[in-house]
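Its first residue numbered 22, the sequence shown is counted upward by one per residue in the numbering used here. We treat Cβ as the ideally placed atom computed from N, Cα and C, and that holds for glycine.
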Amino acid sequence: MESENTQQVNGKRKSKQDYNAWTVEESRILLQLMVDAASRGWHDANGMLSKATVETKILPKINEKLRCHKTYSQYQSRLKYFKREYQKYSQLLRHSSGFGWDPTTKKFTAPEEVWKDYFKSHPKDTSIQTKTCEDYEDLQIVKRSLC
(Lines of atoms letter the chains of each structure in order from A and count residues from 1; the text may use other names and numbers.)
(Lines give C-alpha, C1' and ligand atoms only; values in the text may rest on other atoms or scores of the structure.)
Protein backbone atom coordinates (compact mmCIF):
# COMPACT_ATOMS: atom_id res chain seq x y z
CA MET A 1 0.00 0.00 0.00
CA GLU A 2 1.26 3.47 -0.94
CA SER A 3 2.01 5.82 1.90
CA GLU A 4 0.55 9.28 1.97
CA ASN A 5 3.86 10.76 0.79
CA THR A 6 4.51 8.47 -2.20
CA GLN A 7 2.75 7.66 -5.42
CA GLN A 8 3.24 5.25 -8.32
CA VAL A 9 4.36 6.94 -11.54
CA ASN A 10 4.97 4.63 -14.51
CA GLY A 11 5.70 1.74 -12.15
CA LYS A 12 8.20 3.78 -10.13
CA ARG A 13 7.69 5.11 -6.66
CA LYS A 14 7.96 8.85 -6.46
CA SER A 15 8.04 10.65 -3.15
CA LYS A 16 6.31 13.97 -2.73
CA GLN A 17 9.47 15.02 -0.94
CA ASP A 18 11.33 14.58 -4.26
CA TYR A 19 9.37 17.54 -5.62
CA ASN A 20 11.26 20.77 -5.21
CA ALA A 21 9.42 23.81 -6.55
CA TRP A 22 11.43 26.57 -8.19
CA THR A 23 11.52 29.85 -6.31
CA VAL A 24 11.59 33.15 -8.16
CA GLU A 25 15.27 33.56 -7.25
CA GLU A 26 16.17 30.04 -8.42
CA SER A 27 14.38 30.64 -11.72
CA ARG A 28 16.11 33.97 -12.20
CA ILE A 29 19.54 32.48 -11.56
CA LEU A 30 18.88 29.50 -13.82
CA LEU A 31 17.84 31.83 -16.62
CA GLN A 32 21.00 33.92 -16.10
CA LEU A 33 23.12 30.76 -16.27
CA MET A 34 21.35 29.75 -19.48
CA VAL A 35 22.01 33.18 -21.01
CA ASP A 36 25.66 32.78 -20.02
CA ALA A 37 25.70 29.31 -21.61
CA ALA A 38 24.26 30.76 -24.81
CA SER A 39 26.91 33.49 -24.93
CA ARG A 40 29.64 30.88 -24.42
CA GLY A 41 28.26 28.69 -27.22
CA TRP A 42 27.71 25.66 -24.98
CA HIS A 43 24.91 24.29 -27.16
CA ASP A 44 25.08 21.07 -29.15
CA ALA A 45 24.60 20.66 -32.93
CA ASN A 46 20.83 20.91 -32.45
CA GLY A 47 21.16 24.21 -30.61
CA MET A 48 20.24 22.70 -27.25
CA LEU A 49 22.12 22.41 -23.99
CA SER A 50 23.11 18.76 -23.66
CA LYS A 51 22.28 16.82 -20.52
CA ALA A 52 26.01 16.57 -19.79
CA THR A 53 26.45 20.34 -20.08
CA VAL A 54 23.50 21.01 -17.81
CA GLU A 55 24.69 18.47 -15.24
CA THR A 56 28.33 19.61 -15.25
CA LYS A 57 28.11 23.37 -15.85
CA ILE A 58 24.65 24.67 -14.96
CA LEU A 59 23.24 22.62 -12.09
CA PRO A 60 26.42 22.60 -9.96
CA LYS A 61 26.52 26.41 -10.09
CA ILE A 62 22.89 26.88 -9.11
CA ASN A 63 23.08 24.18 -6.42
CA GLU A 64 26.23 25.67 -4.91
CA LYS A 65 25.05 29.25 -5.09
CA LEU A 66 21.63 28.57 -3.59
CA ARG A 67 22.49 25.54 -1.46
CA CYS A 68 19.79 23.48 -3.09
CA HIS A 69 19.78 20.21 -5.03
CA LYS A 70 18.17 20.74 -8.42
CA THR A 71 18.22 17.75 -10.73
CA TYR A 72 18.21 17.44 -14.50
CA SER A 73 14.54 16.45 -14.37
CA GLN A 74 13.75 19.63 -12.46
CA TYR A 75 15.79 21.62 -14.97
CA GLN A 76 13.70 20.14 -17.81
CA SER A 77 10.52 21.09 -15.99
CA ARG A 78 11.68 24.69 -15.58
CA LEU A 79 12.79 24.79 -19.21
CA LYS A 80 9.23 23.85 -20.25
CA TYR A 81 7.95 26.68 -18.06
CA PHE A 82 10.36 29.15 -19.70
CA LYS A 83 9.19 28.00 -23.14
CA ARG A 84 5.53 28.49 -22.18
CA GLU A 85 6.24 31.98 -20.87
CA TYR A 86 8.15 32.91 -24.02
CA GLN A 87 5.32 31.53 -26.19
CA LYS A 88 2.79 33.62 -24.27
CA TYR A 89 4.85 36.78 -24.80
CA SER A 90 5.52 35.99 -28.46
CA GLN A 91 1.85 35.31 -29.10
CA LEU A 92 1.01 38.67 -27.60
CA LEU A 93 3.39 40.50 -29.94
CA ARG A 94 2.15 38.55 -32.99
CA HIS A 95 -1.51 39.18 -32.15
CA SER A 96 -1.58 42.76 -33.33
CA SER A 97 0.72 45.44 -34.60
CA GLY A 98 -0.46 47.57 -31.68
CA PHE A 99 1.73 45.81 -29.11
CA GLY A 100 5.20 46.90 -28.19
CA TRP A 101 7.86 46.25 -25.58
CA ASP A 102 9.18 48.92 -23.24
CA PRO A 103 12.69 47.84 -22.13
CA THR A 104 12.78 50.52 -19.43
CA THR A 105 9.62 49.47 -17.59
CA LYS A 106 9.93 45.81 -18.72
CA LYS A 107 6.27 45.83 -19.74
CA PHE A 108 4.30 45.20 -22.89
CA THR A 109 2.50 48.27 -24.17
CA ALA A 110 -0.56 48.83 -26.33
CA PRO A 111 -3.57 51.11 -26.60
CA GLU A 112 -6.52 50.03 -24.45
CA GLU A 113 -8.53 48.86 -27.48
CA VAL A 114 -5.74 46.51 -28.54
CA TRP A 115 -5.63 45.02 -25.02
CA LYS A 116 -9.41 44.53 -25.01
CA ASP A 117 -9.28 42.75 -28.36
CA TYR A 118 -6.44 40.51 -27.18
CA PHE A 119 -8.22 39.56 -23.95
CA LYS A 120 -11.29 38.44 -25.90
CA SER A 121 -9.27 35.51 -27.23
CA HIS A 122 -6.87 35.21 -24.25
CA PRO A 123 -8.96 35.83 -21.11
CA LYS A 124 -6.50 34.02 -18.82
CA ASP A 125 -3.67 36.42 -19.70
CA THR A 126 -5.15 39.64 -18.30
CA SER A 127 -2.35 40.07 -15.76
CA ILE A 128 0.17 40.60 -18.56
CA GLN A 129 -1.17 44.13 -19.11
CA THR A 130 0.17 45.35 -15.76
CA LYS A 131 2.81 42.70 -15.07
CA THR A 132 6.49 43.54 -15.18
CA CYS A 133 8.17 40.91 -17.35
CA GLU A 134 11.73 41.06 -16.04
CA ASP A 135 12.75 37.88 -17.87
CA TYR A 136 11.47 38.63 -21.37
CA GLU A 137 14.78 39.76 -22.88
CA ASP A 138 16.67 36.83 -21.31
CA LEU A 139 13.98 34.44 -22.54
CA GLN A 140 14.51 35.82 -26.05
CA ILE A 141 18.24 35.10 -25.86
CA VAL A 142 17.71 31.59 -24.52
CA LYS A 143 14.98 30.81 -27.04
CA ARG A 144 17.09 32.03 -29.99
CA SER A 145 20.25 30.28 -28.83
CA LEU A 146 19.31 27.15 -26.91
CA CYS A 147 15.80 25.98 -27.68
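**OP:** Evaluate contact between the segment 85-102 and the segment 112-124, counting only Cβ atoms and requiring at least three cross-stretch pairs below 8 Å.
**Re:** By the criterion of at least three beta-carbon pairs nearer than 8 Å, the segment 85-102 is not in contact with the segment 112-124.
Subject >> Member of 134, 126, 158 and 163 whose CA lies at the smallest distance from the CA of residue 151 >> reply: Shortest Cα-Cα distance from residue 151 to any of 134, 126, 158 and 163 involves 126.
Original post:
What does a CB cutoff of less than 7 Å around residue 135 pick up in its chain, not counting 5 residues either side in sequence?
Top reply: 117, 119 and 120.
Original post:
Mind checking whether residue 46 and residue 80 have CB atoms under 9 Å apart?
Top reply: Not closer than 9 Å, so no.
Original post:
Contact between the segment 60-71 and the segment 106-114: three or more CB pairs below 8 Å?
Top reply: In this structure the segment 60-71 does not lie against the segment 106-114, because fewer than three pairs of beta carbons, one per stretch, are closer than 8 Å.
Subject >> Whole-number beta carbon distance between residue 54 and residue 82, since they are thought to touch under 8 Å >> reply: Their Cβ separation, rounded to whole angstroms, is 6 Å, which keeps residue 82 and residue 54 in contact under 8 Å.
**OP:** Per DSSP, which residues does residue 121 bridge with? Please list them.
**Re:** For residue 121, the beta-bridge partners assigned by DSSP are 130.
**OP:** Would you mind stating whether residue 156 and residue 48 have Cβ atoms separated by less than 9 Å?
**Re:** Against a cut-off of 9 Å, the Cβ pair of residue 48 and residue 156 comes out as a contact.
**OP:** Would you list the residues sitting across from residue 70 in a DSSP beta bridge?
**Re:** Assignment of beta-bridge partners to residue 70 by DSSP yields 64.
Original post:
Going by alpha carbons, who is nearest to residue 90 out of 141, 44, 138 and 165?
Top reply: The residue from 141, 44, 138 and 165 with its alpha-carbon nearest to that of residue 90 is 44.
**OP:** Could you tell me the boundaries of the alpha helix (DSSP H) in which residue 41 lies?
**Re:** In the DSSP annotation of this structure, residue 41 is not part of any alpha helix (DSSP H), being labelled neither H nor E.
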